[in-house]
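Colleague: Right, I'll just put the structure down here and ask away after.
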DNA sequence: TTTGCCGGATTGTCGGACAATCTAACCGCC
DNA sequence: GGCGGTTAGATTGTCCGACAATCCGGCAAA
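See below:
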């Protein structure tokens, strides 16, 4: 009341509002982690210790810890003790994917991004793939050929194939940029496989050409077939009667 | 109390360990939002209401709500009431950036990804930029030219320029994929500008060519100058005595 | 209509509590 | 002495109740 009036008189000094305690706790721990004072793999200490350290109630500490847990900087092991950890990328990938769906991006936006990222990923895979990774790609193709009649299975193996390509690129930046959009493209691959009779055969052929290019370290061939592969998806999508300028469905969220 | 006992009575069905109550609350609300039963802009209701709805304690509800708040699906307004919201992408961008730094990706990975994404973004901007967006790019270039002697300022304006290009692409997927890595590249742009005398002039010239290509709707020119611009950064980085295969520093986290 | 004030509602934070579970020390047995 | 089982202690998940600060909506006064 009076205090309020008094505090509002010099508005220049009130920097927003001092953040709540649970956030201060989270931010303090986060700063320690980012600055390297707390390293991944080290224990964070018990809730009681944090209560003592920050001088706040355990409920408050817990609210703060939840934030860090959610952002992947802190993990609880089987015994629920707290450990500092490197954020796993899977969580980020699905957050980004979810954001894309909620913001109702169109399939065309998805296609443009997926094409660019696929080209770069294949190019990197051509340069950096190891023999073991090439073998894994081969095996994936063989399994796909054995299931050509089963669209769901082919779609799943296609997703796996692109995951393998991503790994073979040895570029984590590309992978993190690629996965959210690619997962969404792959979600609609099954639709294309069902509606376009020749799609499964074309898909597996493109995969074979990918691997061939990678084995021969032929960058241009890799780019060529990547382009064809993504373009095939686009054409199939349109031929299946879908509209590229339509926002992607929320359905695709449920796949993970 | 009784509820608790009731829920635990059928132990055979306990898959692994039934997730804790705070997470069940978070997931239930999240499902409602993703399924569209709760839409962005709608109030989520008070904590007391959620307590009644889920039959758990307020502390538990609060722990759960914090998770949603952190992932951006739920927001508190000035009065701290809860609202459903579309996740803002800024938070995702900085999460991804943080993950890249913590995972110690190298500048080379960054460069490869930034190049591919920059090409695609410029290409999209060439197709979709509006006159107003082109004007904004022009003004940015003018401001940059006026500050050519100030590396920090040029670096900042360069970041703004690329943000404008991203907006002109009208492709939110590309933007979300591009921003985390590009922000990291931009962080080291200042270093290059300081160490390479001709860098500022080359940078502004490339920007001018970008805009020229966009205005003429010339895709190839756009790609060409995007490639040169990113390549310039890479050469400058090496000329400044840096190693492309070195992980990026944690320093770059502090820029935001 | 505008301003000021008030009561109710809501949140941020606190203290304390208890069952379930995990850890680690202890103990008896081979 | 080493080993498996047991028990006491520590820790977490959840609950209950409480209070100050703040916000909102309405009512009275100007």
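Protein chains in written order, with this note's numbering: chain A, 1 to 256; chain B, 1001 to 1256.
Ideal placement from N, C-alpha and C gives every residue a C-beta, glycine not left out.
These numbers come from a predicted model, not from an experiment.
CB-CB under 7 Å to residue 174/A, same chain, minus the five flanking residues each way: which ones, in chain order?
Modeller: Closer than 7 Å at the Cβ level, and outside the excluded window around residue 174/A, lie 117, 120, 121 and 124.
Colleague: Look at the alpha carbon of residue 1237/B and the alpha carbon of residue 1194/B, and state the distance between them as a whole number of angstroms.
Modeller: Taking the straight line from one Cα to the other gives about 11 Å.
Colleague: Taking the beta strand (DSSP E) that residue 75/A belongs to, which residues open and close that run?
Modeller: Per DSSP, residue 75/A belongs to the beta strand (DSSP E) from 74-76.
Colleague: Using a Cβ-Cβ distance cut-off of 9 Å, determine whether residue 1103/B contacts chain A.
Modeller: With 9 Å as the cut-off, residue 1103/B counts as an interface residue toward chain A.
Colleague: Check whether the Cβ atoms of residue 89/A and residue 247/A sit closer than 9 Å, and answer yes or no.
Modeller: Result no, Cβ atoms of residue 89/A and residue 247/A do not sit closer than 9 Å.
Colleague: Candidates 113/A, 84/A, 228/A and 28/A: which alpha carbon is nearest residue 1177/B's?
Modeller: Ranking 113/A, 84/A, 228/A and 28/A by Cα distance to residue 1177/B puts 113/A first.
Colleague: Buried or exposed for residue 1158/B, please, with buried defined as at least 16 other CB atoms from any protein chain shown within 10 angstroms of its CB.
Modeller: So residue 1158/B counts as buried.
Colleague: Taking 9 Å as the CB-CB limit, is residue 1210/B close to chain A?
Modeller: Taking Cβ atoms only, chain A never reaches closer than 9 Å to residue 1210/B, which makes this a no.
Colleague: Could you give the first and the last residue of the continuous beta strand (DSSP E) run that contains residue 1082/B?
Modeller: Run containing residue 1082/B: 1082-1084, per the beta strand (DSSP E) assignment.
Colleague: Three or more C-beta pairs under 8 Å: does that hold for the stretch 1059-1075 of chain B against the stretch 1018-1029 of chain B?
Modeller: Verdict: yes, contact present.
Colleague: If residue 1183/B sits next to residue 1108/B, beta carbons under 8 Å apart, how far is it from one beta carbon to the other, in whole angstroms?
Modeller: Their Cβ separation, rounded to whole angstroms, is 17 Å, which puts residue 1183/B and residue 1108/B out of contact at 8 Å.
Colleague: Under 7 Å between beta-carbons, which chain B residues line up against residue 117/A? List them in chain order, please.
Modeller: The answer, in chain order, is 1116 and 1177.
Colleague: Could you spell out the range, first to last residue, of the alpha helix (DSSP H) harbouring residue 196/A?
Modeller: Taken as a continuous stretch (DSSP letters only), residue 196/A belongs to no alpha helix (DSSP H), as it is neither H nor E.
Colleague: Any contact of the stretch 1074-1092 of chain B with the stretch 1041-1056 of chain B, i.e. 3+ C-beta pairs under 8 Å?
Modeller: As far as the Cβ criterion goes, the stretch 1074-1092 of chain B touches the stretch 1041-1056 of chain B, which means the pair count is three or higher.
Colleague: At which residues does the alpha helix (DSSP H) containing residue 112/A begin and terminate?
Modeller: Note, residue 112/A: alpha helix (DSSP H), 107-128.
Colleague: Taking the DSSP output, what are the residues bridged to residue 1043/B?
Modeller: The partner list for residue 1043/B (beta bridge, DSSP) reads 1083/B.
Colleague: Pick from 171/A, 235/A and 231/A: whose alpha carbon is nearest that of residue 1245/B?
Modeller: It is 171/A whose Cα lies nearest to the Cα of residue 1245/B.
Colleague: List, in order along the chain, the chain B residues whose C-beta lies closer than 7 Å to that of residue 173/A?
Modeller: Here the neighbours are 1100, 1105, 1109, 1110, 1113 and 1181.
Colleague: Could you tell me if residue 2/A is buried or exposed, where buried requires 16 or more neighbouring beta carbons within 10 angstroms of its beta carbon?
Modeller: Confidence at residue 2/A is low in this model, with a pLDDT of 29, below 50, so its placement is unreliable and the value that follows should be read with caution. Result: exposed.
Colleague: To which residues of the same chain is residue 54/A closer than 6 Å at the C-beta, ignoring the five residues directly before and after it?
Modeller: Counting only Cβ-Cβ distances below 6 Å, and skipping sequence neighbours, we find 25.
Colleague: Using a Cβ distance threshold of 8 Å, determine whether the stretch 201-210 of chain A contacts the stretch 1188-1205 of chain B, with at least three qualifying pairs required.
Modeller: Output reads no: the stretch 1188-1205 of chain B does not touch the stretch 201-210 of chain A.
Colleague: Determine which residues of the stretch 1054-1081 of chain B have a Cβ less than 7 Å from any Cβ of chain A, and write them out in chain order.
Modeller: The stretch 1054-1081 of chain B vs chain A, Cβ under 7 Å: 1059, 1062, 1063, 1066, 1067, 1070 and 1071.
Colleague: Would you grab the beta carbon distance between residue 1071/B and residue 70/A for me? Rounded to a whole angstrom, and I think it's under 8 Å.
Modeller: 7 Å between Cβ atoms; contact.
Colleague: Would you identify the three-state DSSP class for residue 1020/B, choosing helix, strand or coil?
Modeller: In this structure, residue 1020/B counts as coil in the three-state DSSP scheme.
Colleague: Quick one: does residue 1043/B have its CB under 9 Å from some CB of chain A?
Modeller: Not an interface residue.
Colleague: Determine the direct distance from the alpha carbon of residue 1232/B to that of residue 147/A, and round the result to whole angstroms.
Modeller: Roughly 48 Å between the two C-alpha positions.
Colleague: Span of the alpha helix (DSSP H) holding residue 1090/B?
Modeller: Here the alpha helix (DSSP H) through residue 1090/B covers 1089-1102.
Colleague: Would DSSP call residue 1014/B helix, strand or coil?
Modeller: Confidence is the limiting factor: at residue 1014/B the pLDDT is only 31, short of 50, which leaves the residue's position unreliable, though a coordinate-based value still follows. Residue 1014/B falls in the coil class under three-state DSSP.
Colleague: Taking 8 Å as the cut-off, is the C-beta of residue 1025/B nearer than that to any heavy atom in the ligand MN?
Modeller: For the structure depicted, the ligand MN is absent and the ligand set is empty, with no information on it obtainable.
Colleague: For residue 61/A, which of 32/A, 34/A and 21/A has the nearest alpha-carbon?
Modeller: Here the closest residue by C-alpha is 21/A.
Colleague: Quick one: Cα of residue 163/A to Cα of residue 131/A, how far?
Modeller: Cα to Cα, the separation comes out at about 16 Å.
Colleague: With a threshold of 16 other CB atoms inside 10 Å of the CB of residue 1099/B, please say whether the residue is buried or exposed.
Modeller: With 16 or more Cβ atoms within 10 Å of its Cβ, residue 1099/B is classed as buried.
Colleague: Under the DSSP definition of a beta bridge, which residues are partnered with residue 1247/B?
Modeller: DSSP, once it has assigned bridges, lists 1106/B as partnering residue 1247/B.
Colleague: So if I threshold CB-CB distances at 9 Å, which residues from the stretch 1226-1239 of chain B count as touching chain A?
Modeller: Result list empty, no residue passes.
Colleague: For the candidate residues 168/A, 166/A and 141/A, whose alpha-carbon lies nearest to that of residue 155/A?
Modeller: Selected option, being the one with the closest Cα: 141/A.
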